[in-house]
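**Student:** Residue numbers for the sequence shown follow my numbering, beginning at 15 and rising by one.
Just so it is clear, CB atoms sit at the ideal spot from N, CA and C, and this is done for glycine as well.
Quick one: the structure is below, questions incoming.
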Amino acid sequence: MADPSAIVMAVLQGVPGLTGGVYDGQVPDTIPTTGQGKYVKPYAVLWAGTGDDIPTERDLTRLSAADVLDWRPQVTVVGANAAVCRDASRAVLVALRNQYVGGGWLIPDADHNRQLSPIPDNTVTPVRMFMPLRFRLVTTQ
């Protein structure tokens, strides 16, 4: 199976409006800003591991199946204010919802996708709002 992180990163890089970039697990110390550094440009960060096998999907040997994956990445979308953050989050949801990834479909994780509004981050300068979006992929290929 192709690396699901690479597929999601490629999709995110094509999302219109993420003018601050797309990052894989780490945001650089300096990020794109507007207004002489007062506002961050919208960006997204993919937080993804390698996924887990699904014990109930094992065959009679009880060995871990190499073709079954339960993968739950998170994409944190960031904007200068709540409205920008919401707009960028909607664009990411549209791009990733039902995206075919390596033998399965990426869907919002109904168990953990309950963040209703952007969260302020006052620990960094410039101040920004962020919204974590959690997804789930279950594949058998």
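Go to Gln-113, then tell me how far its beta strand (DSSP E) extends in each direction, as first and last residue.
**Tutor:** Residues 113–115.
**Student:** Name, in chain order, the residues that DSSP records as bridge partners for Gly-118.
**Tutor:** Its beta-bridge partners are Val-115.
**Student:** When the distance is taken between beta carbons, is Leu-60 closer than 8 Å to Ser-19?
**Tutor:** Against a cut-off of 8 Å, the Cβ pair of Leu-60 and Ser-19 comes out as a contact.
**Student:** Can you tell me whether Asp-135 is helix, strand or coil according to DSSP?
**Tutor:** Strand at Asp-135.
**Student:** Does DSSP classify Ala-97 as helix, strand or coil?
**Tutor:** The answer is helix: DSSP assigns Ala-97 an H, G or I state.
**Student:** Val-54 by DSSP, collapsed to three states: which one?
**Tutor:** In this structure, Val-54 counts as strand in the three-state DSSP scheme.
**Student:** Just grab the DSSP bridge partners of Arg-150 for me.
**Tutor:** For Arg-150, which the question treats as bridged, DSSP gives the partners Ile-121.
**Student:** Could you spell out where the beta strand (DSSP E) holding Val-25 opens and where it closes?
**Tutor:** Here Val-25 belongs to no beta strand (DSSP E); instead the alpha helix (DSSP H) covers 18–27.
**Student:** Taking C-alpha atoms, which residue in Ala-109, Lys-55, Asn-136 and Thr-48 lies nearest to Leu-147?
**Tutor:** Nearest of Ala-109, Lys-55, Asn-136 and Thr-48 to Leu-147, Cα basis: Ala-109.
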